[in-house]
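As given, the protein sequences belong to chains A and B, one line each in that order. Take the first sequence: its position 47, counting from 1, is numbered 84 in the numbering used here, and each next residue is one higher. Take the second sequence: its position 44, counting from 1, is numbered 55 in the numbering used here, and each next residue is one higher.
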Amino acid sequence: MKKRYIPLLLAFVPSTLQAAAAATELEGSFKVGPAIILIAILVLFVMIGIFFRAKDTTDFYAAGRSISRVGSGMAIASNWMSAASFLGMAALMYGSGYHGLAYVVGWTGGYVLLLILMAGQIRRYGKYTAADFIGDRYYSQSLRAVGAVIAILISIAYCVGQFGGIGLMFRWILGLNYGLSVIIGGAVVLTYTLISGMLGVTKNMQVQYVIIILSFLIPLFILTAKFDYFWLLPQIGYGSVVTDVIQGVPLSESRQLVNSLGHEFAMVPAPEFAMPWDPASGQTFFQWIAIAFSLMIGTAGLPHVIQRFYVVPKSSDARWSVVWGLFFICILYWSAPAYAAFGTILSANPEVGKLAKDAIVVYTAQLGSVHPLIVGLLAAGGVSAAFSTVSGLLVAGSSAFAHDLYVKVIHPTARPKSQLIAARLGTILMAVIVTLLALKNWALIGQLVAVAFSLAGCTIFPLFLLGIWWSGSNKQGAIAGLIAGGLVSVIAITYFIAGREGLELPFHDFISYWLEAWYFAIFGAPLSIIVHIVVAKLTKPTPVEIRKFLIENVHS
Amino acid sequence: MENSSEGYHISFFKPTTERARYNRNMVIWLVSIWFIAIFGFQILLKVIGKPVPQAEYLSFENAWSNIDGGNHTGADLQELAASCLSVLGKITLAPEDKPVLDDAFSWCVYHLSPEGTRQDLLNEIVNYRQTSAGISTIEDPEYIRSKSFLSVKISPLLGISEYDVRRNIIPFALEAEGMGEMKPETKGNLPAVMEKYLVHNQSVLTDIKFLGFPFHYFYTAVFLLILFVGLCWLYCVRIDARNKKLGFSD
Numbered sequence: 038m039k040k041r042y043i044p045l046l047l048a049f050v051p052s053t054l055q056a057a058a059a060a061t062e063l064e065g066s067f068k069v070g071p072a073i074i075l076i077a078i079l080v081l082f083v084m085i086g087i088f089f090r091a092k093d094t095t096d097f098y099a100a101g102r103s104i105s106r107v108g109s110g111m112a113i114a115s116n117w118m119s120a121a122s123f124l125g126m127a128a129l130m131y132g133s134g135y136h137g138l139a140y141v142v143g144w145t146g147g148y149v150l151l152l153i154l155m156a157g158q159i160r161r162y163g164k165y166t167a168a169d170f171i172g173d174r175y176y177s178q179s180l181r182a183v184g185a186v187i188a189i190l191i192s193i194a195y196c197v198g199q200f201g202g203i204g205l206m207f208r209w210i211l212g213l214n215y216g217l218s219v220i221i222g223g224a225v226v227l228t229y230t231l232i233s234g235m236l237g238v239t240k241n242m243q244v245q246y247v248i249i250i251l252s253f254l255i256p257l258f259i260l261t262a263k264f265d266y267f268w269l270l271p272q273i274g275y276g277s278v279v280t281d282v283i284q285g286v287p288l289s290e291s292r293q294l295v296n297s298l299g300h301e302f303a304m305v306p307a308p309e310f311a312m313p314w315d316p317a318s319g320q321t322f323f324q325w326i327a328i329a330f331s332l333m334i335g336t337a338g339l340p341h342v343i344q345r346f347y348v349v350p351k352s353s354d355a356r357w358s359v360v361w362g363l364f365f366i367c368i369l370y371w372s373a374p375a376y377a378a379f380g381t382i383l384s385a386n387p388e389v390g391k392l393a394k395d396a397i398v399v400y401t402a403q404l405g406s407v408h409p410l411i412v413g414l415l416a417a418g419g420v421s422a423a424f425s426t427v428s429g430l431l432v433a434g435s436s437a438f439a440h441d442l443y444v445k446v447i448h449p450t451a452r453p454k455s456q457l458i459a460a461r462l463g464t465i466l467m468a469v470i471v472t473l474l475a476l477k478n479w480a481l482i483g484q485l486v487a488v489a490f491s492l493a494g495c496t497i498f499p500l501f502l503l504g505i506w507w508s509g510s511n512k513q514g515a516i517a518g519l520i521a522g523g524l525v526s527v528i529a530i531t532y533f534i535a536g537r538e539g540l541e542l543p544f545h546d547f548i549s550y551w552l553e554a555w556y557f558a559i560f561g562a563p564l565s566i567i568v569h570i571v572v573a574k575l576t577k578p579t580p581v582e583i584r585k586f587l588i589e590n591v592h593s
Numbered sequence: 012m013e014n015s016s017e018g019y020h021i022s023f024f025k026p027t028t029e030r031a032r033y034n035r036n037m038v039i040w041l042v043s044i045w046f047i048a049i050f051g052f053q054i055l056l057k058v059i060g061k062p063v064p065q066a067e068y069l070s071f072e073n074a075w076s077n078i079d080g081g082n083h084t085g086a087d088l089q090e091l092a093a094s095c096l097s098v099l100g101k102i103t104l105a106p107e108d109k110p111v112l113d114d115a116f117s118w119c120v121y122h123l124s125p126e127g128t129r130q131d132l133l134n135e136i137v138n139y140r141q142t143s144a145g146i147s148t149i150e151d152p153e154y155i156r157s158k159s160f161l162s163v164k165i166s167p168l169l170g171i172s173e174y175d176v177r178r179n180i181i182p183f184a185l186e187a188e189g190m191g192e193m194k195p196e197t198k199g200n201l202p203a204v205m206e207k208y209l210v211h212n213q214s215v216l217t218d219i220k221f222l223g224f225p226f227h228y229f230y231t232a233v234f235l236l237i238l239f240v241g242l243c244w245l246y247c248v249r250i251d252a253r254n255k256k257l258g259f260s261d
């Protein structure tokens, strides 16, 4: 590389720095600096993908089962850290204070369940996809197909929030309206997925993790240092920011601390930011518990998360990869509330106006006068987080379509070429559906993603939990449990969509409160498990070969 | 959960090997700790939490009983206006609640202004509204002048000091139209709006400070995540050790 390229690269630097100054505007014009950073990061991901290209199917689905524990942990974290984590979590806390912590707890606590109830056993079962497991464990091609359809629906629900995040960041970078930004962002992420989807996914995820976490942490160190808090460990240092929000920050004589619009770092007391289930947040104790519970069991039922345990050599590696993965995830989750706390003070002046909550992470850095290039890196990190998750979900969804539905159910003699075409068409179709749904802008990113968790909690989680731990769990029980969980899901999602579209269905307020779209698994999952057990007890036992396999391969 | 019709039975609750028993016990212990740590703490917060009003709410209650009874003084108006500003400065303020607070605040300001200056005040508010609607940048000189004129002129009327952040909110809360009369819907809704924003669930767990955080916030946002990683680590270490002892390999 080559000395001759260096002058060329250096020639870009002044123009990049100059152009990046545009990033000081909260909204509005095209921001060249952040755009260049974003393109550079995406090109880097594609290049890494090409370098670590998958050589065959096993390599593609399971990375050759050669990933280390720490490496697999990073891949789990990268796969997990989507726009919902990067942008959505701070948005939820910015908007509803302590209530938002239900998402932090829910999205991390589920890993404990995943580890102690499933990780090692799933690895020993030895399948590639959730639908594979369901079809095999419940000895039913129909259930395999249903499992694949559910995996696709979960992927779509998960992607809608991600596309919303991509749209917001593209709006910020390109200076366009939300609708156009979603369409452009959707087209870019689809192209990226089609190029990189068959490449070295796991290796790529490790690099993505490093970039995403650095882009998230660097502005936070700067913010805590700039506003005179304990900056060496901002995840602890922001405790004083929370207390300042509660007690209020008076105007100072010196006017040393100001935001990028010239407003003083000051605000009226706002205990509602931190006090539990505060009336001002409009959220209740039940909703906090329901969200945390639904997210936790959803975590243990998400197909693309479960799939990560197939990529490690041994079941003990699967277990340790959860520990590392959770630790890497927590680094971001310990930090996100700090953005919400800083954002609350920095945007307190009415002149700032109503900000799009889902972009509060970027606005906070901007209002905190962080250097425009670093704000650009932060926005690019947000897009990267969404891209890495979306490409993984689109690949998982199209794999479910091509591998579990098309080849295993619809056309068993399909050639590899037609399987590949089916996968590509599945990817494009999913991207189009997701874009159309994201344009509706029905809720905050975190809430939209939570719908996928409740869906997984009501459907996949009971099948895996009982399928692994109870040999009496049979096909009939699985079908009955799926119907019960599916019914609750359909009711909750129907009421949610109807509400957003202005339709008033019978018992609307009652259903919307107790079966809200982001926590219906609190009732749906237990119901599905109970129905599954009762029906299994009343019907034919599980075939002996399945039980033998469980004993000899999964639990021995 | 046991199926006993044939051999090869797996049941989490009825393990048949030493390793399975150990695993079951570990899982039960860890899930119990996990469950109590998360939900037990939130239930405790709920049980011991009491609605605690902010100081501004107590001022509001005192002032409002006099205002509602029609025997208010200037001090009552000052208290009500300052309380309204305390809520108007909150970023969680719902758009539907703002007009209620704007109306009550503007009414207080009108009645606290000396009669001879009221028309000038109304003119300046109208001028500020028109200027703010037409500007492309908040650095517009006329906008800055008009905004600071209102803050400087009105804050002494309200007894708000120079370093009170509520000064900054004054221009944004003034409504020139119908300033002399408080709307009936404002009278009806104001107490509920004030209670919604100025009364909070608090307890000893929210009042204690730990590393700068309110304790409950630290516990939920920081400690629980450390606990989750710790539980996962403990499980892996113990299971690996047990597997090694029993000669079990993957």
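The C-beta atom is built at its ideal place from N, Cα and C for all residues, glycine as well.
Who does residue i pair with in a DSSP beta bridge?
i: histidine 211(B); result: Val63(B)
i: serine 22(B); result: Trp507(A)
i: valine 286(A); result: Met304(A)
i: phenylalanine 221(B); result: Phe224(B)
i: valine 295(A); result: Glu301(A)
Kindly indicate which three-state DSSP category residue i falls into: helix, strand or coil?
i: lysine 164(B); result: helix
i: phenylalanine 346(A); result: helix
i: phenylalanine 71(B); result: helix
i: proline 152(B); result: helix
i: phenylalanine 544(A); result: coil
i: valine 407(A); result: coil
i: arginine 249(B); result: helix
i: aspartate 354(A); result: helix
i: glutamate 553(A); result: coil
i: histidine 83(B); result: coil
i: tryptophan 314(A); result: coil
i: tyrosine 532(A); result: helix
i: alanine 115(B); result: helix
i: glutamate 107(B); result: coil
i: leucine 216(B); result: helix
i: aspartate 169(A); result: helix
i: asparagine 214(A); result: coil
i: tryptophan 268(A); result: coil
Between residue i and residue j, which are expected to be in contact by the criterion C-beta below 8 Å, what is the C-beta distance as a whole number of angstroms?
i: isoleucine 85(A); j: asparagine 241(A); result: 5 Å
i: proline 578(A); j: glycine 509(A); result: 7 Å
i: leucine 369(A); j: phenylalanine 253(A); result: 6 Å
i: serine 289(A); j: glycine 223(B); result: Their Cβ separation, rounded to whole angstroms, is 19 Å, which puts serine 289(A) and glycine 223(B) out of contact at 8 Å.
i: alanine 194(A); j: leucine 492(A); result: 6 Å
Would you say residue i and residue j are within 8 Å of each other, going by their C-beta atoms?
i: glutamine 199(A); j: serine 119(A); result: yes
i: phenylalanine 498(A); j: glycine 338(A); result: yes
i: leucine 442(A); j: alanine 167(A); result: no
i: glycine 146(A); j: alanine 329(A); result: yes
i: phenylalanine 302(A); j: phenylalanine 364(A); result: no
i: serine 565(A); j: glycine 514(A); result: no
i: arginine 178(B); j: glycine 100(B); result: no
i: glycine 413(A); j: glycine 70(A); result: yes
i: leucine 169(B); j: glutamine 89(B); result: yes
i: alanine 187(B); j: leucine 96(B); result: no
Suppose you measure from the CA of residue i to the CA of residue j; what does that come to, to the nearest Å?
i: isoleucine 159(A); j: phenylalanine 346(A); result: 7 Å
i: alanine 60(A); j: glycine 405(A); result: Any reading at alanine 60(A) must be qualified, since the residue scores a pLDDT of 37, below 50, and its modelled position is unreliable; no value is offered.
i: lysine 255(B); j: glycine 132(A); result: 49 Å
i: threonine 142(B); j: aspartate 175(B); result: 25 Å
i: arginine 253(B); j: tryptophan 507(A); result: 23 Å
i: glycine 134(A); j: glycine 189(B); result: 35 Å
i: lysine 39(A); j: isoleucine 220(A); result: Confidence in lysine 39(A) is poor, its pLDDT being 44 and thus under 50, which makes the residue's placement unreliable; the coordinate value appears in the next sentence. For lysine 39(A) and isoleucine 220(A), the distance between alpha carbons rounds to 38 Å.
i: arginine 461(A); j: tryptophan 244(B); result: 40 Å
i: valine 471(A); j: leucine 481(A); result: 15 Å
### Query
Which of the residues in the stretch 285–314 of chain A, read from start to end, lie with their CB under 9 Å from any CB of chain C?
The displayed structure is made up of protein chains A and B, and chain C is not among them.
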